[in-house]
Structures are given as structure tokens and as C-alpha cells.
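Some notes on the structure that comes next.
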Ligand SMILES: NC(=O)c1ccc[n+]([C@@H]2O[C@H](COP(=O)([O-])OP(=O)(O)OC[C@H]3O[C@@H](n4cnc5c(N)ncnc54)[C@H](O)[C@@H]3O)[C@@H](O)[C@H]2O)c1
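Residue numbers (my numbering): 16 to 371.
Below is the structure:
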């Protein structure tokens, strides 16, 4: 019979070769890193998005936890992995509870988990809603820059839905060099209009601010329209409102009826993602029976693979990719670590010898 003899240098009893650490990064730390860095953040998002389009990521479709007892709410899991210099895996776990706004807290809340590329160990849990809103706004600014070049540069912006995402997008547009002669606002909630107007005034951005009484007025008065509502089914179907062929950032994804989508030049961030989850794009695909109404991706535009016709509205619909949260989360983690401000949780991983 072979007996296992205790070895002189007993490997299982020795210290682990690596001791995984675990940090918690607060929203205050995230915001401290990101504040005022709009141009750098757009670069991070640009790099991560291009890497994704080049095949340098794993970014499956999100998994939605729907809640039958709270049908307007959901919690979504967005796992992703990114290669290249970042080399990190992770998960965004984000709640959308539109009813929160009535209680005066934001609709979305989130955590972002970062996992080590080599061991799989999670090494950070970060406040994720600021990262999520920031990556959304940075991609919107990147898209506006590329798509805005295709037409006369817009000078009249209109926000259709004036919540937190609208605020971040405005901050990112202004922070990356845009200025507007007119900023229009339309929202079903008078409180949202007042809150957004207050933000605009405090931001010191130039130009006139106009609250619009109707959706039609806002769209007709804007050559850059930002949809950031929480509508779950299309509510905009009148093509004549778009006869001036505006650039539309369709961030909330479900506002435009199929007939508007089918009459527009459509650019998306990722085709497979955008054609899921009852987005206006997926409804248009059902109506058309094909995907020919899609002109291409933002990456196609950036690489000059598609031409953008001028004679129709130009609609950008970004589904929002977990890989962008991951890239921005890693950027924040690295900055916090570089500043020596990581708050490690002692003994978080506490079973590090396989045999005790
Ligand atoms: N595409 C992406 O990558 C991405 C990322 C993050 C958020 N989003 C989307 O952005 C949207 C806005 O998020 P938020 O956090 O700013 O929400 P929010 O609740 O803070 O603001 C939404 C606003 O839209 C208004 N609204 C709702 N329905 C409307 C309608 N039919 N017409 C006019 N106004 C209407 C509400 O009154 C509210 O003021 C959500 O749909 C969210 O899913 C998209």
C-alpha cells in the first residue's frame, strides 16, 4: 500500500503563491476619478468599443431578471471579458426601478465586479451606476462626433426625457467640445423638466433653454434629438416630425415606432444586441422581415465602411455593452490603485489552502 508521507517542505501547508485581495470602491471614489475627464473617458470607451468590434471581447447578451410582482422593474446581469492591455473579466449587475424617481432616488443602481484574468478571483466590487451612466454618455458623445460630421454640425439639441442619463449626456457633449445655441427639453414630468433646467443653468452652458409642451415641438425644433425616456413601447410614429432629418441619439431604444425606424438611416453599436429585448430595432425587423434597414455599426462608420445618406433622419441606437462598463471600471480601479486609495477588505478570501 502506498502511503502519502508528510514531506519535509509540505507544499499544501506553505503560504499560497499569491494572496488574492479584494477592494471595495465607493461611488464617491468613482466620481472623484471620472470628474472632468470627459475626453480621456471617451478615449477609453473608443478603445474598448473598437476592441470589441475587432473580436477582442466576450460579451454575451444580458440576462434579465424580470419581477412579475413588480412588472416595470428588472435587474440585469451583463457579464463580459476584455483582452488587450486591460485583460479583465467581470459582471455588471444593474437594477432598473423606474418607481424610485417618485421616492427621489435614481432609477438605476448597480455594482460592477472585476475578476482577475489569470485566477478568476474577483478583486474589486465597485459602485456601478456612475460607471454605467458615464460609459453611456461617453459612447453617445463619440457617436455624436462621428455622426454629427455627416451633416451640418447640430446647434439645436433637444432632450426627450430629462432624467439622469440626459444629464450625463449633456455633460459629456459639453465636456467634449460641443456647444448649442438652443437646448430644448420635453418630459412628461414637470418635476423632471424643472430639475433638468436647474442642472442646465448651473452647468453654465451657453445658449437658450426652452421647455417644450409637446413632443412634436421638441423634435421639430432640434437637429440633435436625445431620447432618454423610460418608455417600454414605441410612442413616436409621425414621420413628418423628422422631415428636417435630424441626428437622433435613441438611447432609450424603445421610443420610435417601426415606421420611423424603417424610414431612417440606422446605426447601432452591436447588431446582435440591438435586435433583442423588444427594442424599436427588433420591432422594425419583425415588420420588415429582414435587417436591410440597418445601415451598419458605429464601428463601420468610424472605419469608413458605410456611407451615411443625408436625405433621411440619422438614428443611433446603442444597446449598451457590458464590455464598456468593464473597461471603464478597470480604468477607475487602476487610477484608485495608482493614487494609493484602494480600500481592501482584510481576509475577504479566507480559504486559500486547498487542504487546510
Ligand atoms: N442605451 C444604453 O446604453 C443605456 C444606458 C443606460 C440607460 N439607458 C436608458 O436611458 C433611459 C433613461 O434613464 P434615466 O436613468 O435617465 O431614467 P430617469 O427615470 O432618470 O429619466 C427618465 C425620464 O423620462 C421621462 N419619460 C418617461 N416616459 C416619457 C415619455 N413617453 N415622454 C417623455 N418623457 C418620458 C420620465 O418622466 C423621466 O424624467 C432608460 O430607458 C435607460 O434604460 C440606456
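Idealized CB from N, CA, C, for every residue including glycine.
Where the beta strand (DSSP E) through residue i begins and ends
i	result
residue 223	223-226
residue 108	103-111
residue 126	123-131
residue 242	239-242
residue 263	262-265
residue 281	280-283
residue 92	89-97
residue 213	Looking at the DSSP string, residue 213 is not in any beta strand (DSSP E); the run it does join, the alpha helix (DSSP H), is 205-218.
residue 201	197-201
residue 80	78-81
Other residues of its chain near residue i: CB distance less than 8 Å, five sequence neighbours each side excluded
i	result
residue 229	201
residue 191	53, 54, 57, 156 and 160
Nearest-angstrom beta carbon gap, residue j and residue i [assumed within contact, 8 Å]
i	j	result
residue 372	residue 206	As shown, the chain starts at 16 and ends at 371. That puts residue 372 outside it, with no answer to give.
residue 136	residue 364	7 Å
residue 226	residue 198	Going by Cβ atoms, the distance from residue 226 to residue 198 rounds to 10 Å, so no, they are not a contact pair.
residue 351	residue 48	6 Å
residue 266	residue 180	6 Å
Boundaries of the alpha helix (DSSP H) in which residue i is found, first to last residue
i	result
residue 43	42-49
residue 9	Since the first residue shown for the chain is 16 and the last is 371, residue 9 is missing from the structure and cannot be characterised.
residue 356	Where residue 356 is concerned, there is no enclosing alpha helix (DSSP H), given that its DSSP letter is neither H nor E.
residue 296	295-303
residue 149	144-163
Pair within 8 Å by beta-carbon distance, residue i and residue j
i	j	result
residue 330	residue 279	yes
residue 105	residue 341	yes
residue 245	residue 113	yes
residue 88	residue 72	no
residue 357	residue 38	yes
residue 175	residue 233	yes
residue 74	residue 304	no
residue 271	residue 251	yes
residue 99	residue 76	no
residue 323	residue 165	yes
Same chain, Cβ closer than 6 Å to residue i, five either side skipped, listed in chain order
i	result
residue 133	none
residue 154	60 and 333
residue 35	136 and 364
residue 359	36 and 38
Beta-carbon proximity list for residue i, same chain, < 7 Å, skipping 5 on both sides
i	result
residue 18	Model confidence at residue 18 stands at a pLDDT of 42, short of 50, so the residue's coordinates are unreliable; what they give is reported in the following sentence. No residues qualify anywhere along the chain.
residue 371	none
residue 123	109, 110, 111, 144 and 147
residue 274	252 and 254
residue 127	105, 107, 141, 143, 146, 340 and 344
**OP:** Count the CB pairs spanning the region 239-255 and the region 204-215 that are closer than 8 Å, and state whether there are at least three.
**Re:** no
**OP:** Would you check if there are 3 or more beta carbon pairs closer than 8 Å linking the region 146-162 to the region 248-255?
**Re:** no
Original post:
Can we say the region 339-347 touches the region 286-300, given the rule of at least three CB pairs closer than 8 Å?
Top reply: No, the region 339-347 does not touch the region 286-300.
Subject >> Validate contact between the region 39-51 and the region 310-326 using beta carbons, cut 8 Å, 3 pairs >> reply: Segments in contact, no.
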